[in-house]
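**Q** Just passing along the structure, written as structure tokens.
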Amino acid sequence: LKVTEALLSSRSDLNLVLLGKEAQSTDLETVRRLQALAPSRVLNLMGQTDFDLWASVISRCHWILSRPSPAVQ
Numbered sequence: 003l004k005v006t007e008a009l010l011s012s013r014s015d016l017n018l019v020l021l022g023k024e025a026q027s028t029d030l031e032t033v034r035r036l037q038a039l040a041p042s043r044v045l046n047l048m049g050q051t052d053f054d055l056w057a058s059v060i061s062r063c064h065w066i067l068s069r070p071s072p073a074v075q
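The numbers in our numbering rise by one with no breaks, and the one at position 70 of the sequence shown is 72.
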């Protein structure tokens, strides 16, 4: 979270797309913090994508920050 917040604060050209399973209660606070920091630059798609859309979004990313995930690797 600290890395993501720092990137959003220092890079006005950076947009953030959140992907993955439906947000759990612990994730929702993180999402709220990021959206408050840069509301027009944070898109939350957690729990809203099928594999094809997920893969399409990932293919357009310049950087990927992820928890360990076989799909991202």
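By construction, the Cβ of each residue, glycine as well, lies at the ideal position given by its N, Cα and C atoms.
1) For residue 55 and residue 49, what's the separation of their Cα atoms in angstroms?
2) Alpha carbon to alpha carbon, how far is residue 18 from residue 44? Give it in angstroms, no decimals.
3) On the criterion of 16 or more Cβ atoms from any shown chain inside 10 Å, does residue 36 qualify as buried, or is it exposed?
4) Can you check whether the CB of residue 20 is closer than 9 Å to the CB of residue 33?
**A** This is what the structure holds:
1) Along the sequence shown, read from residue 1 onward, the residue named residue 55 stands at position 53. Along the sequence shown, read from residue 1 onward, the residue named residue 49 stands at position 47. Each residue's alpha carbon lies about 12 Å from the other.
2) As a position in the sequence shown, residue 44 is number 42, starting the count at 1. As a position in the sequence shown, residue 18 is number 16, starting the count at 1. Roughly 5 Å between the two C-alpha positions.
3) Looking up residue 36 in the sequence shown gives position 34. By the 10 Å Cβ count, residue 36 comes out buried.
4) Position 31 of the sequence shown, counted from the first residue, corresponds to residue 33. Position 18 of the sequence shown, counted from the first residue, corresponds to residue 20. Result yes, Cβ atoms of residue 33 and residue 20 sit closer than 9 Å.
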